[in-house]
Each structure stands twice: as structure tokens, then as C-alpha cells.
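Just below is one structure, and these are the notes that go with it.
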Amino acid sequence: MDLKNIIAAITLSAAVIVLYGLFFAPTQEELSKINEKSKNEINQNTDAPIIDEKIEVKAVTREDAIKKDNRIIFENSFIKGSISLLGGAIDDLELKAYNKKLKSNEKIQLLNPASTNNGYTFNTGWATRANIETPNSNTIWEIDGTNKLTPSKPVKIYYENDSGIRFERLISIDEKYLFSIKQTLINKSQDTFKVYPFARINRNSLPSDLTDFYILHEGYTFITGENIEEVDYDEVEENKFSTEGSTGVLIQGDKYWMTSIIPEQGRNFRFDLDYKNKYRASYIDLKGYEARPNTLIEHNVKSLIGAKEIKQINKYKDDLKIEKLDLIVNYGVLYFIIVPMHKILSYFFNFTGNYGYAIILLTILVRVVFFPLNQYSMKSMGKMKSLGPEIENLKTRFKDDKQQLQREMMKLYKVNGVNPASSCFPILIQIPIFFSLYKLLLLDLAMRHSPFVWVWQDLSAKDPLTIFNLFGLLPYSVPTFLEIGLLPVLMGSSMWLQMKLSPQPSGSDEMQKMQKKIFMLMPLFLTVILAPFAAGLILYWVCTNILTIIQQYIINRNIKVKS
């Protein structure tokens, strides 16, 4: 029976999670070894100094902090902001194409000055063990040339210490989210010393829109060569993390937004994460450079700072030639399903101009692909439903002989070509499709604030209506747990109708009566459970149920049963 299979599928999914926790998740001892290894790695390559700098956080507004310092303004078609000349950090960045809330003109402000409570900054520099002055957060940089950064006009800033050592940065941006910083050190002194270029991302607090949901990673991702390591914010609060490589990128990712550090590829480097009153991510070049008198040293660092637009990230992956850069949007083990699903959904969107219609077309396509399996399953279910009276008759005749009852039932199934387990496989094989669509709707930025029709103006959010105020007709709001919208109600109703077309538990004993009650309550239970899910996902489920009902109804009308 279809509903039995749903219950079985949910149980199986829960079992997978439990079994993973029991047999595959790392033990506390293994975690301790990993953390110990990380600490050892941090202490390796002792020639490279540890990057550590204290910046005071003050209770000042973002606007006051920005006005306090002289700044370089930058802007392209997608971002705008400024770079502070006090310290040289990129600490003011606004995403021009994305609003904070639906029907709001207030834009996403991704980076903020370090002195504010929501401080979030990117900076580069030089570290050394020699007794020379290098630029820090209190250094006042000078502008050499233009003071506005655009894709066609890079800017240069410089600082020269009392020893005659000049530090320069040539900063450029592309048409989207890529910053390139070319650092130059000109040693006009008589000293020889070694320097190590670095970059760091500091964040004072957790993102305000942190999802904190196990299916979605928010935090840091190390990509070094073929290795990928994800670290959540709460893990950084408890332990230090470090990894070395010669190719790769460090990503700090929220649900929809990102910052990153992209070192010069081909040089040995180390990524470090820790927490000391702020979340700190850094990169340092391990080989370093020897600065002899009257010599010049150059080093390049890049950073992607902006929105996790899948198409654009794929382009950066090719342009920058960094393998696995597309995992900035990480779909996990369902990657091989979600990537083609995303391409198909994008194609349908380009065709219809509406993601709601695109989801409906995707649902139809999935039903067409699985039509042979579903057809076989539904024929079996239809015959099972039609065999109900025959099965009841057998149960009455052989109520005292269970073995004979089983033999007679199997004979009846065989005569009618029914396999009681045949309807389970199509459901199980479609579970990855359902979870893949859920993760796609959860992670794809294109779904954010994407409208369908009427009140459904954001398919990535839950249905805004609720049945408890007659879908907005009555002028009062209800508690969050009672916000069960129209789409979840349609899903539950269609599931109930689908259940009525499926075989029902037969018999009159207490166990079978209990089964009937459970099956009758299951649509209501799932309606309440799935009400907070994305409206786009519920739309997919409603369409799937409707197509299933139509298909099952047609099959049931044409079934003939042999006694």
C-alpha cells in the first residue's frame, strides 16, 4: 500500500541517520586525534609566524564606523562599498541585487567594520619574525592615484615605514565578486629579512540569518587539492583547525553569501581557523620570500566576496582553474542528482520565466521518467484494493489456520499477477529525488524571493497563509506552530484522497483497526510536520500527489480481478 510505503520510507531514512551515527560518524577518540593533529599542524613550519592581532570592538553603528575613516570607494554592477585606509581592510560591502527581506529596499550588507558588533572584514598583509615594522590594523595607508575602484580602474595604496621599506597594494575588482590584491614589498633598507604574505577573514559574531540545520553546512570549508573539510562555527569555538596544501581555497560560507581566500596556486600554504572573541580564518604562505636590500617582492591573493550564484561560481571555477571551487555550494552526497536537476530546473525557468511553473514541469518530467515503475506499482496496488473482498473471505475461511491462509493468499496474488512488495521500490527510488529537490530549494540562491502566483512570492520560504485564520480572511495572526498554509493543506488533502484509492488494511481485529486509524491520521500528521518546509517543495509534492491520483484512478477503473 502506498501509505505503508511512505511510512516505511520515513522509517528507513531515520534508520540511515541512526546507523550513520552508530557506525560511520567519528568517535570522540577519533575527533580528539583529528583535533590533536590540527594543533600539531599549526605548530609545524615554525619559520612562518602565527598571525595574531587584537582589534577592539566598540558599540558604534555601522554608519559611524564607516564615516570615521578615510576610504576608497568601490562599485560595479553587483556590489558597492569601501576600503578603510586605516588598516587597509575591505570592511564595507553591500550586495546591490539582493534585499534583506521580501518587498524591502534594504540591501544585504555582507561586510562591516571590525569595530562594530557585526564586524566582518577581509585583509591581507606581510608577517615576519624580523624586527621590522609591517602594516597592521592601525597603519594609515596613502592613495597613489585614483580613489575610486571600478572594474576598469584599479587603485594603489602604499605605506612606507621609518626604515625605508615600502609596502604597496594594487587592488582590482571584476564585474561580479572577485577581488584581486597584488602585494608589493620594496626593500630600500640595508637589512635582509624574510616575509610571509598572508590574508585573513575576521568575523565578530555569527550571521543573523544562521539556519543551524544539520542538512545545511554554514561555516568554513577547506578545499586543498582533492581534500575537502567542512568546519561549523560551533566547532571553531571549541578547537583550532589547520590544513596545508599548494592548491585550493578557504571559504567562509553562509546559506546564500560567501567570503573566501584564494592563495597563489602552486605555492605551499597553510589555512588556520580559531576563535578568540571572534571567528578568525587565515592563510599564510609557508615558503616566504627573502627581502634583500634594494629588491622588490610581489605576491597575489584573490577573494570571492558576494552571493553564491551557482552559474557564476562555475564560471570562476573554470577561469581560476581551481578544482572543486563549485563546492562553495555543497550539495553533499546527492551532488550527482542535484546538479542535473538544477540544470533542468534552470532550463524550465528560462522557458517559463517562473520557478513555480518550472517546478510543476519538473514534477511532470519526473513522473514521465518513472512512469513504467509507477505504472507497475499502481497496477499492483489497484489489484490489491480490488482483491480486498477476496482476502476478507479467505481470512474468514482460514481464521484458525494461518499457514493455509498464507498459502491461499499467495495463490490468489499469483493468479492475479500481484506482488505485494512491488509498490515499495518506486517509492524508495524517488526518495533521493525528493531530498535532492529539497536541498536544491534550500541552497539555490535563485529560489530566494522567487515568486510563483498570488501570495506565494518566495518559493524558498514556507507558505505565508494559515488555515487557522481562513488563509488571511480573518484579521488576526496565529502562533508559529499553527501556521499551516494552503499548499500544505492541499498536500494533506491530496494525500488523503490518494490513500482512499490505495488498498486499505483489511480485517476486524484490534491491530487492523489501529492500522486504519493510523493511516487515516497520517495525512494530517505529515501536513503539520511539513508545513514549515519551503513552498516550492510542497508545490512539488502537491503536483506529484495529483498526478498519482489521476494515474491510480485510471488504472483502478480498468482492473479485472480473477477469483
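Read in order, the letters of the sequence shown correspond to residues 0 to 562 in numbering that gives the first Met the number 0. Each residue gets a CB set at the ideal place from its N, CA and C atoms; glycine is no exception. In this text, all values refer to a predicted model and were calculated from it rather than measured experimentally.
| Query | Result |
| --- | --- |
| Three CB pairs or more closer than 8 Å across the stretch 335-345 and the stretch 427-445 | yes |
| Cβ contact check for the stretch 75-83 and the stretch 156-176: 3 or more pairs under 8 Å | yes |
| DSSP three-state assignment for Ala88, whether helix, strand or coil | coil |
| Close Cβ partners of Ser188 (< 7 Å) along its chain, the five nearest in sequence each way excluded | Ser162, Gly163, Ile164, Pro292 |
| Local Cβ density within 10 Å of Tyr346, reported as buried at 16 or more and exposed below that | exposed |
| Cβ neighbours of Leu496 in the same chain (closer than 7 Å, five flanking residues each side left out) | Ile548 |
| Exposure label - Pro388; buried when at least 16 CB within 10 Å | exposed |
| Assigned exposure category for Asn42 - 16 Cβ within 10 Å defines buried | Per-residue confidence for Asn42 stands at a pLDDT of 43, beneath the threshold of 50, marking its modelled position as unreliable; no derived number is given. |
| Pair within 7 Å by beta-carbon distance, Thr242 and Gly224 | no |
| Test item: CB-CB of Asn203 and Gly287 under 7 Å | no |
| Buried or exposed by the 16-neighbour rule on C-beta atoms within 10 Å, applied to Gly252 | buried |
| Cβ pair Leu184, Ile296 closer than 7 Å | yes |
| The alpha helix (DSSP H) enclosing Ile312, as first and last residue numbers | 309-319 |
| Straight-line Cα distance separating Pro150 from Ile261 | 19 Å |
| Sequence-distant residues of the same chain with beta carbon closer than 7 Å to Arg70, five excluded per side | Ser81, Ile82, Ser83, Leu84 |
| Distance between beta carbons of Tyr232 and Leu215, contact taken as under 8 Å | Not confirmed; about 12 Å, so no contact. |
| The stretch 395-408 touching the stretch 300-313, judged by at least three CB pairs closer than 8 Å | no |
| Lys254 versus Asn104: straight-line alpha-carbon distance, rounded | 20 Å |
| Straight-line Cα distance separating Thr220 from Trp125 | 24 Å |
| Local Cβ density within 10 Å of Arg199, reported as buried at 16 or more and exposed below that | buried |
| Same chain, Cβ closer than 6 Å to Glu228, five either side skipped, listed in chain order | Phe221 |
| Three-pair Cβ contact test at 8 Å for the stretch 84-104 versus the stretch 133-146 | yes |
| Minimum C-alpha distance to Leu436 - residue among Leu148, Phe335, Gln550, Ile321 | Phe335 |
| Bridge partner(s) assigned by DSSP for Ser114 | Paired residue(s): none; Ser114 is not in a bridge. |
| Cross-strand partners of Pro196 (DSSP beta bridge) | Trp125 |
| For Val488 and Ile466, believed in contact at Cβ under 8 Å, the rounded distance | 6 Å |
| Beta-carbon proximity check, Tyr354 vs Ser449, cutoff 7 Å | yes |
| DSSP-derived helix/strand/coil call for Thr45 | Note that Thr45 scores a pLDDT of 49, beneath 50, so its modelled location is shaky; the value from the coordinates is reported in the next line. Looking at Thr45 - three-state DSSP - the assignment turns out to be coil, as it is neither helix nor strand. |
| Bounding residues of the alpha helix (DSSP H) (the contiguous stretch that carries Phe335) | 334-351 |
| Distance between Trp256 and Val248 (C-alpha atoms, nearest Å) | 16 Å |
| Ile65 vs Tyr195 beta-carbon contact at 7 Å | no |
| Range of the contiguous beta strand (DSSP E) that encloses Glu229 | 226-231 |
| Own chain residues within Cβ distance below 6 Å of Asn313, not counting five before or after | Asp325 |
| Selection from Ala290, Ile107, Glu217, Thr120 that minimises the alpha carbon distance to Asp566 | Because the chain in this structure spans residues 0 to 562, residue 566 falls outside the shown range and cannot be described. |
| Distance CB(Gly484)-CB(Pro522) smaller than 7 Å | no |
| Limits of the unbroken beta strand (DSSP E) element including Trp256 | 256-260 |
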